[in-house]
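*Asks:*
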Amino acid sequence: MAFIEIKNLYKSYKPQAKPVVYAVRDVSLAIKRGEILGLVGESGCGKSTLGKLILKLEQPTQGSIMFDGEDITGYSFNAMRALRQRMQMVFQGSAQTFNPSYTLRQILREPLDNYHDERDDEKETWMVDMLRKVGLDETYLSRYPHEMSGGQRQRGGIARALILNPEFVVCDEAVSSVDYAIKNTILKLLVSLKKDFSLTYLFISHDIAAVNRICDRTAVMYLGNIVEILPSVTSGAVHPYTQALLAATLPLDPRERKANLVRFRENEDMRIPEQGCVFQNRCLYTMPLCQEVRPLLEQKGVGHFAACHCCT
Ligand SMILES: Nc1ncnc2c1ncn2[C@@H]1O[C@H](COP(=O)(O)OP(=O)(O)O)[C@@H](O)[C@H]1O
Ligand SMILES: [Mg+2]
Numbered sequence: 000m001a002f003i004e005i006k007n008l009y010k011s012y013k014p015q016a017k018p019v020v021y022a023v024r025d026v027s028l029a030i031k032r033g034e035i036l037g038l039v040g041e042s043g044c045g046k047s048t049l050g051k052l053i054l055k056l057e058q059p060t061q062g063s064i065m066f067d068g069e070d071i072t073g074y075s076f077n078a079m080r081a082l083r084q085r086m087q088m089v090f091q092g093s094a095q096t097f098n099p100s101y102t103l104r105q106i107l108r109e110p111l112d113n114y115h116d117e118r119d120d121e122k123e124t125w126m127v128d129m130l131r132k133v134g135l136d137e138t139y140l141s142r143y144p145h146e147m148s149g150g151q152r153q154r155g156g157i158a159r160a161l162i163l164n165p166e167f168v169v170c171d172e173a174v175s176s177v178d179y180a181i182k183n184t185i186l187k188l189l190v191s192l193k194k195d196f197s198l199t200y201l202f203i204s205h206d207i208a209a210v211n212r213i214c215d216r217t218a219v220m221y222l223g224n225i226v227e228i229l230p231s232v233t234s235g236a237v238h239p240y241t242q243a244l245l246a247a248t249l250p251l252d253p254r255e256r257k258a259n260l261v262r263f264r265e266n267e268d269m270r271i272p273e274q275g276c277v278f279q280n281r282c283l284y285t286m287p288l289c290q291e292v293r294p295l296l297e298q299k300g301v302g303h304f305a306a307c308h309c310c311t
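At position 146 of the sequence shown (counting the first as 1) the number is 145 in numbering that gives the first Met the number 0, and the numbers step up by one without a gap.
1) Considering Cα atoms alone, identify which of Ile106, Cys44, Val23 and Leu52 is closest to Ile157.
2) Kindly indicate the opening and closing residues of the alpha helix (DSSP H) around Gln61.
3) May I have all residues whose beta carbon comes closer than 5 Å to any heavy atom of ligand 1, sorted in chain order?
4) For Pro165 and Asn266, what's the separation of their Cα atoms in angstroms?
5) Thr184 lies in the alpha helix (DSSP H); which residues open and close that run?
6) Does the stretch 103 to 120 come close enough to the stretch 138 to 146 to have 3 or more Cβ pairs within less than 8 Å?
7) Could you check which residue in Met220, Asp116, Arg154 and Ile35 has the C-alpha nearest to that of Arg131?
8) Return the CA-CA distance between Gly133 and Met126, expressed in angstroms with no decimal places.
9) What does the Cβ neighbour count give for Thr48, buried or exposed, with the cut at 16 atoms within 10 Å?
10) Can you tell me whether Asp206 sits near ligand 2, meaning its C-beta is under 7 Å from at least one heavy atom of the ligand?
11) Between Gly43 and Tyr12, what straight-line distance do the alpha-carbon atoms span, to the nearest angstrom?
12) Should the stretch 165 to 179 be called in touch with the stretch 195 to 208, which here means at least 3 C-beta pairs below 8 Å?
13) Excluding the five sequence neighbours on either side, which residues of its own chain have a C-beta within less than 6 Å of the C-beta of Ile213, listed in chain order?
14) Bridge partners of Gln15, per DSSP?
15) Leaving out five residues before and five after Leu245 in sequence, what residues of the same chain have Cβ atoms less than 8 Å from its Cβ?
16) Is the Cβ-Cβ distance between Gly45 and Val20 less than 8 Å?
17) Pick out the complete alpha helix (DSSP H) segments inside the stretch 39 to 91, 4 residues or longer, and give them in chain order.
18) Which whole-angstrom value describes the C-beta separation of Asn7 and Gly62, a residue pair presumed to lie in contact below a C-beta threshold of 8 Å?
19) What does Tyr9 pair with, by DSSP beta-bridge criteria?
20) Enumerate in chain order the residues of its own chain whose CB-to-CB distance from Gly149 is below 6 Å, with the five nearest sequence positions on each side excluded.
21) Taking 6 Å as the limit between beta carbons, can you name the residues of its chain near Phe196, skipping five residues before and five after?
22) Please identify the residue among Glu69, Asp116 and Asn211 whose C-alpha is closest to the C-alpha of Asn183.
23) Comparing alpha-carbon positions, which option in Asn77, Val89 and Asp25 lies nearest Pro59?
24) Going by beta carbon distance, what residues of the same chain come within less than 8 Å of Asp116, once the five residues before and after it are set aside?
25) Between Glu273 and ligand 2, is there a pair consisting of the residue's CB and a ligand heavy atom that are separated by less than 7 Å?
26) On the CB-based measure, 16 or more other CB atoms within 10 Å of its CB, does Phe76 come out buried or exposed?
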């Protein structure tokens with residue numbers, strides 16, 4: 000059985016609106032224990048919402064979420080308390096999520112105090128051990144967020160996420176606000192921590208190169224829908240959206256990038272079409288069928304699924 004399994008998950012922030020606007024629409028996904036599942040797509044496509052739904056930080060409008068064999072869909076905040084320790088989130092540029100008037104000691108103590116009643120000196124040892132694992136040392140405990148560099152804060156954010164010894168971590172744009180050199184060291188750190196702590200990650204990023212480096216599989220999201228799931232995002236993509244996304248991001252030569260951008264049709268309307276394929280308004284290959292019937296994810300190869308009428 001999958002470690003995490005979501006089925007036909009929907010999220011609308013305004014369920015009363017007519018027609019209903021969905022941030023996440025009919026998403027089904029399974030995450031295996033020990034894997035790094037990537038989640039890519041343009042800004043606003045619903046990646047963070049999907050991550051928060053799995054952690055029950057947002058409540059689904061419809062659908063179900065299983066965590067380690069337990070149906071947590073209807074769990075209240077209190078019912079989630081015990082499970083919270085097992086699932087954590089690393090946010091984009093932890094700077095914004097750290098309380099600026101807290102030292103790193105206070106930041107790390109908060110989850111420990113919520114879940115543990117060991118003595119202060121034991122917690123202190125625990126925190127110092129955690130800091131060493133993320134490449135910081137005890138001198139950082141008395142620092143405030145503004146006294147740390149972006150990379151150090153990100154390490155602090157990872158330490159906070161891992162301090163309760165979770166099993167599943169949603170890394171939401173965890174390397175998106177740090178510069179290139181630091182990005183690589185943080186990616187390596189995440190991979191090595193994953194092995195040391197036997198973690199499972201949902202690695203959310205709009206950065207395909209980062210996803211490509213560390214993920215075992217990648218799900219591609221467009222306007223709240225998963226349009227493709229593939230073992231390696233850079234090889235064998237068949238969905239026109241995935242191909243366009245790749246073409247727009249990967250080539251380093253700007254001329255090539257510009258030429259490739261033509262793979263998208265311009266369309267300002269970013270609502271989910273009421274019928275048919277979610278990508279029909281921007282796809283270069285739209286056929287009448289695409290405007291009528293919504294394509295479901297179909298198997299294209301080993302571990303490879305795409306939701307598209309026109310790709311084979
Ligand atoms: N708390 C919220 N209230 C209302 N709308 C939201 C909220 N959070 C996200 N949205 C909307 O849901 C959609 C998906 O957002 P998000 O999940 O943050 O996308 P991503 O992480 O891919 O950039 C966007 O249209 C966004 O404006
Ligand atoms: Mg986001």
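Here a beta-carbon is modelled for each residue, glycine too, at the ideal position from N, C-alpha and C. Predicted model only: the values in this text are computed from it and were never measured.
*Replies:* Taking the coordinates as given:
1) Ile106
2) Here Gln61 belongs to no alpha helix (DSSP H); instead the beta strand (DSSP E) covers Gln61 to Phe66.
3) Tyr12, Ala22, Ser42, Gly43, Cys44, Gly45, Lys46, Ser47 and Thr48
4) 42 Å
5) Tyr179 to Asp195
6) yes
7) Arg154
8) Reading off the sequence, residue 133 comes out as Val, not Gly. If you take the alpha carbons of Val133 and Met126, they lie about 11 Å apart.
9) buried
10) no
11) 13 Å
12) yes
13) Ile35, Leu186 and Val190
14) Beta-bridge pairing links Gln15 to no other residue.
15) Ile207, Val232, Thr233 and Ala236
16) no
17) 46 to 53 and 80 to 83
18) 4 Å
19) Gln61
20) Val177
21) none
22) Asn211
23) Asp25
24) none
25) no
26) exposed
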